[in-house]
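Trainee:
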Amino acid sequence: MPGNAVDAVATEKTRDQIMAEREAKKLAKQAKKHKTAPTPTAATPAVLTTPAAPATKIITEVEQTTITTKLTTTTTTKVQDAVASKTTQLAAVNGKDVEAGEKTREQIKAEREAKKAAKKAGKGGGAKVEGTTQQLADLKVAEKAPVAASAAPSTTEADQEKKPALSKAERRAIQEAQRAAKAQVQTKKDQPAAKAPPSAAPKEPKLKSVSPTKAATSSSPGKCPANTPNVDCRVKLFNHLVCAKEDSQFINDPLVHPSIARLGVQYAKRTVVGSNARCIAFLHALRQVVHDFETPAKKEFGRSLDAAVKHHVDHLHKCRPLAVSVSNAYKQFKNQLTQLPADVPETELKELLVHFIDTYIENQIGKAAQAISGFLQEKITDGDVLLTFACSSLIQFICEEAKRRQVAFRVIVVDSRPGCEGQELLRRLHATGIPCTYVLINAVGYVMAEATKVLLGAHALLANGYVMARTGTAQVALVANAHNVPVLVCCETHKFSERFQTDAIVYNELSDPNQLVRGDKCQLSNWAAKGKLLPLNLSYDITPPELVSAVVTEVAILPCTSVPVILRIKPDIGY
Numbered sequence: 001m002p003g004n005a006v007d008a009v010a011t012e013k014t015r016d017q018i019m020a021e022r023e024a025k026k027l028a029k030q031a032k033k034h035k036t037a038p039t040p041t042a043a044t045p046a047v048l049t050t051p052a053a054p055a056t057k058i059i060t061e062v063e064q065t066t067i068t069t070k071l072t073t074t075t076t077t078k079v080q081d082a083v084a085s086k087t088t089q090l091a092a093v094n095g096k097d098v099e100a101g102e103k104t105r106e107q108i109k110a111e112r113e114a115k116k117a118a119k120k121a122g123k124g125g126g127a128k129v130e131g132t133t134q135q136l137a138d139l140k141v142a143e144k145a146p147v148a149a150s151a152a153p154s155t156t157e158a159d160q161e162k163k164p165a166l167s168k169a170e171r172r173a174i175q176e177a178q179r180a181a182k183a184q185v186q187t188k189k190d191q192p193a194a195k196a197p198p199s200a201a202p203k204e205p206k207l208k209s210v211s212p213t214k215a216a217t218s219s220s221p222g223k224c225p226a227n228t229p230n231v232d233c234r235v236k237l238f239n240h241l242v243c244a245k246e247d248s249q250f251i252n253d254p255l256v257h258p259s260i261a262r263l264g265v266q267y268a269k270r271t272v273v274g275s276n277a278r279c280i281a282f283l284h285a286l287r288q289v290v291h292d293f294e295t296p297a298k299k300e301f302g303r304s305l306d307a308a309v310k311h312h313v314d315h316l317h318k319c320r321p322l323a324v325s326v327s328n329a330y331k332q333f334k335n336q337l338t339q340l341p342a343d344v345p346e347t348e349l350k351e352l353l354v355h356f357i358d359t360y361i362e363n364q365i366g367k368a369a370q371a372i373s374g375f376l377q378e379k380i381t382d383g384d385v386l387l388t389f390a391c392s393s394l395i396q397f398i399c400e401e402a403k404r405r406q407v408a409f410r411v412i413v414v415d416s417r418p419g420c421e422g423q424e425l426l427r428r429l430h431a432t433g434i435p436c437t438y439v440l441i442n443a444v445g446y447v448m449a450e451a452t453k454v455l456l457g458a459h460a461l462l463a464n465g466y467v468m469a470r471t472g473t474a475q476v477a478l479v480a481n482a483h484n485v486p487v488l489v490c491c492e493t494h495k496f497s498e499r500f501q502t503d504a505i506v507y508n509e510l511s512d513p514n515q516l517v518r519g520d521k522c523q524l525s526n527w528a529a530k531g532k533l534l535p536l537n538l539s540y541d542i543t544p545p546e547l548v549s550a551v552v553t554e555v556a557i558l559p560c561t562s563v564p565v566i567l568r569i570k571p572d573i574g575y
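The numbers in the UniProt record's numbering rise by one with no breaks, and the one at position 310 of the sequence shown is 310.
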């Protein structure tokens, strides 16, 4: 009999189920805002079988979810099966679904009556238990109506009652479809990844199959040598700096003039070093390019030459980053190109450009050196001990001019590895008969007490007054400042830069790390095979203006802070 089966199911409720039902009852009481309804009588089940009155929301959706969860979790498998069967029967008979998230007052009363009947199920009352089971089935139908509507939207009645909710369901369906598509794409991507071990070897040819332009860029002198380890070994603080190029690498570009190609190799091999030497060599090569240039058909001379020179300058930059003196000379040349007259033959235009190049070399380098030497000759007297660092063509010219004036002085040449450029300055000064002393930079503290003046060259003078020079210059200036020895920086105005910099990391040039290896006995002799190790060989350092007494230029002896003034009035300076 169905009634006996329900009684058997109801008698199997445990204590946990009864406690859950009590908790649900308490939550229902807390949600009510009016007085509790009177205690239902025995005739209540007959009243509850009538159709539901207009819906009035008494329990919030969160509380209803909590009650439903606790009831469903505490119900045994047999009770769930019985309720499910009753639900399907009632759904077929009634054919109406209660709106999601809403309960009538009669439904709440039926739920309470069902809970009370469940407590008394062990004492008998089969007919009453059967009635309460039907009431529970009604409640279950009301709770499961939204799920049925979302799972089976094809039902006509559900479509009619939940037209506003269908729009949300459609959006959810679209989202689910998009997620499924993304999951399929991800699975397709993961499938080749799972087969990576057998195809791991062919990955290297993919990296090498680059375009010709990229291949030329990768083999440019501005990249790291071939014997350097993986890029991961480089410290991120210096990743933006340009590495030195191996001497054997070279770019064959038919659009590059032979003089520029030769100069690029000299830059890469460090055959031509020094700001003035690099600038003069660039201007000589540029003069040859202008002389051999031919204007294409139906093209303008100035614009065509500007594009060709830009290509050559890019080639030189790949071989080695351009010096500040070279960059300033190139800017002046471009400015001259824009000022060329239009109705003039090409030969005359070339003569104008060649004359500009010769005048720039003579004024900005030659006469500037003479003016700086004239200012310093007044400062060099008999008995002076001049201390200098590395090799500077301007310092050499000043010392040779003082020797011609027959001033009794001597020079202390401080040098440092790995370049040891001071040896070249020592050789040149000794050839002119100037007494010299040669020490390494680790002994500068011992010889600084003998010096009366410190003369330093410069790669560039920045707009904020900082001096950019060969690595080690800042250390020499610091020791001189500690010994109260005046530091004079000799720098032409064509080396002034508009860039601001306070450290040697923002912008610098990395030399070949192999230069730091002294021999086979050095611990760095096999550094490339030691894993994540890359020797750092910076080319320049930054000297703060507090360590510099004055800057000697062709204009005057000025403080470092006067650089912006010189940059502003420089176009008006005449020679």
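We put the CB at the ideal spot given by N, CA and C, even for glycine.
All values reported here derive from a predicted model rather than from experimental measurement.
#1: Along the alpha helix (DSSP H) that carries I280, what are the first and last residues, could you check?
#2: Assuming V290 contacts L353 (C-beta within less than 8 angstroms), just tell me the rounded distance between them.
#3: Taking 8 angstroms as the threshold (C-beta atoms), are F496 and I412 in contact?
#4: Which same chain residues, not among the five before or five after P564, have their C-beta less than 8 angstroms away from its C-beta?
#5: Note the first and the last residue of the continuous beta strand (DSSP E) segment covering Y438.
#6: In the DSSP assignment, the alpha helix (DSSP H) including I412 goes from what residue to what residue?
#7: How far does the beta strand (DSSP E) with L488 in it extend, from its first residue to its last?
#8: Let me know the secondary structure DSSP gives V517 once reduced to three states.
#9: Would you kindly work out how many angstroms separate the C-alpha atoms of V265 and H312, rounded to a whole number?
#10: If you draw a straight line from the alpha carbon of S259 to that of V444, how long is it in whole angstroms?
#11: Can you tell me whether Y360 is helix, strand or coil according to DSSP?
#12: Can you grab the Cα-Cα spacing for the pair L538 / S275, in whole Å?
#13: Can you give the beta carbon distance from V487 to V552, rounded, assuming they're within the 8 angstroms contact cut?
#14: How many Å lie between T338 and K453 at the Cα?
#15: Output the distance between the C-alpha atoms of K403 and F375, rounded to the nearest integer angstrom.
#16: Have a look at D253, Q184 and L510 and flag the residue whose alpha-carbon is nearest the alpha-carbon of R270.
#17: Note down the Cα distance separating I505 from L241, rounded to an integer number of angstroms.
#18: Distance, Cα to Cα, F293 vs D343?
#19: Pull up the CB-CB distance for I441 and G472, whole angstroms please, since I reckon it's below 8 angstroms.
#20: Could you check whether A529 and H483 sit closer than 8 angstroms to each other, using their CB atoms as the reference points?
#21: Could you spell out where the alpha helix (DSSP H) holding K453 opens and where it closes?
#22: What are the residues that DSSP puts in a beta bridge with E509?
#23: Measuring CA to CA, which of N508, D503, G531 and P535 is closest to R518?
#24: So, is P345 buried or exposed, given that buried needs 16 or more other C-beta atoms within 10 angstroms?
#25: Given 8 angstroms as the limit, is there contact between the segment 362-377 and the segment 427-437, that is, 3 or more CB pairs closer than that?
#26: Here's the rule: buried if 16 or more other CB atoms are within 10 angstroms of the residue's CB, otherwise exposed. What is T543?
#27: Between which two residues does the alpha helix (DSSP H) holding R22 run?
#28: Taking C-alpha atoms, which residue in I18, H315 and P559 lies nearest to N252?
#29: Going by beta-carbon coordinates alone, are residue 578 and A480 separated by less than 8 angstroms?
#30: Once you ignore the five residues that flank N508 on each side, which residues in its own chain have a CB closer than 6 angstroms to its CB?
#31: Counting along the chain, where does the alpha helix (DSSP H) carrying F375 start and finish?
#32: Assuming L394 and G457 are in contact, meaning their beta carbons sit under 8 angstroms apart, how far apart are those beta carbons, in whole angstroms?
#33: For I365, collect the residues of the same chain with a Cβ closer than 8 angstroms to its Cβ; drop the 5 residues on either side in sequence, then sort them by chain order.
#34: Judging by CA-CA distance, which residue of T14, E106 and E111 is the nearest neighbour of L27?
#35: Going by C-alpha to C-alpha distance, which of G531, T359 and F397 sits closest to Q370?
#36: Mapping the DSSP letters down to three states, classify P197 as helix, strand or coil.
Mentor: Taking the structure as given:
#1: Counted as a single uninterrupted DSSP element, the alpha helix (DSSP H) harbouring I280 occupies residues S275 to D292.
#2: With a Cβ gap of about 5 angstroms, V290 and L353 count as contacting.
#3: In this structure, F496 does not lie closer than 8 angstroms to I412 by Cβ.
#4: Here P564 has A463 as same chain residues with Cβ atoms under 8 angstroms from its own Cβ, once five neighbours each way along the sequence are excluded.
#5: The continuous beta strand (DSSP E) containing Y438 extends over residues C436 to L440.
#6: Looking at the DSSP string, I412 is not in any alpha helix (DSSP H); the run it does join, the beta strand (DSSP E), is F409 to D415.
#7: In this chain, the beta strand (DSSP E) harbouring L488 covers V487 to C490.
#8: Residue state, collapsed to three classes: coil.
#9: For the pair V265 and H312, the Cα-to-Cα distance works out to about 13 angstroms.
#10: In a straight line, the C-alpha of S259 is about 41 angstroms away from that of V444.
#11: Correct three-state label for Y360: helix.
#12: Cα to Cα, the separation comes out at about 16 angstroms.
#13: So it is not a contact: roughly 11 angstroms between Cβ atoms.
#14: Distance from the CA of T338 to the CA of K453, rounded to the nearest whole angstrom, comes to 45 angstroms.
#15: So the two alpha carbons sit approximately 15 angstroms from each other.
#16: Selected option, being the one with the closest Cα: L510.
#17: Going from the Cα of I505 to the Cα of L241 covers about 8 angstroms.
#18: Each residue's alpha carbon lies about 18 angstroms from the other.
#19: About 5 angstroms separates the two Cβ atoms, so the contact holds.
#20: Result no, Cβ atoms of H483 and A529 do not sit closer than 8 angstroms.
#21: DSSP places K453 outside any alpha helix (DSSP H); the residue lies instead in the beta strand (DSSP E), whose first and last residues are K453 to L456.
#22: E509 is bridged by DSSP to V242.
#23: That would be P535, whose Cα lies nearest to the Cα of R518.
#24: Result: exposed.
#25: Here the segment 362-377 makes no contact with the segment 427-437; the two share fewer than three CB pairs at distances below 8 angstroms.
#26: With 16 or more other CB atoms across the displayed protein chains lying within 10 angstroms of its CB, T543 is buried.
#27: R15 to A31 is the extent of the alpha helix (DSSP H) around R22.
#28: A check of alpha carbon separations from N252 across I18, H315 and P559 identifies H315 as the nearest.
#29: Limits of the chain in this structure are 1 at one end and 575 at the other, which puts residue 578 out of reach.
#30: If you ignore the 5 residues before and after N508, its C-beta comes within less than 6 angstroms of the C-beta of L241, L538 and Y540, all in its own chain and listed in chain order.
#31: Segment A368 to Q377, the alpha helix (DSSP H) holding F375.
#32: The Cβ separation is near 6 angstroms, so the contact holds.
#33: The beta carbon of I365 sits closer than 8 angstroms to those of N276, C279, I280, E492 and H494, all from its chain and outside the five residues before and after it, given in chain order.
#34: Per the Cα distances, E111.
#35: The alpha carbon of Q370 has as its nearest neighbour, out of G531, T359 and F397, the alpha carbon of F397.
#36: Because P197 carries a pLDDT of 43, less than 50, the predicted location of this residue cannot be relied on, and no value is offered for it.
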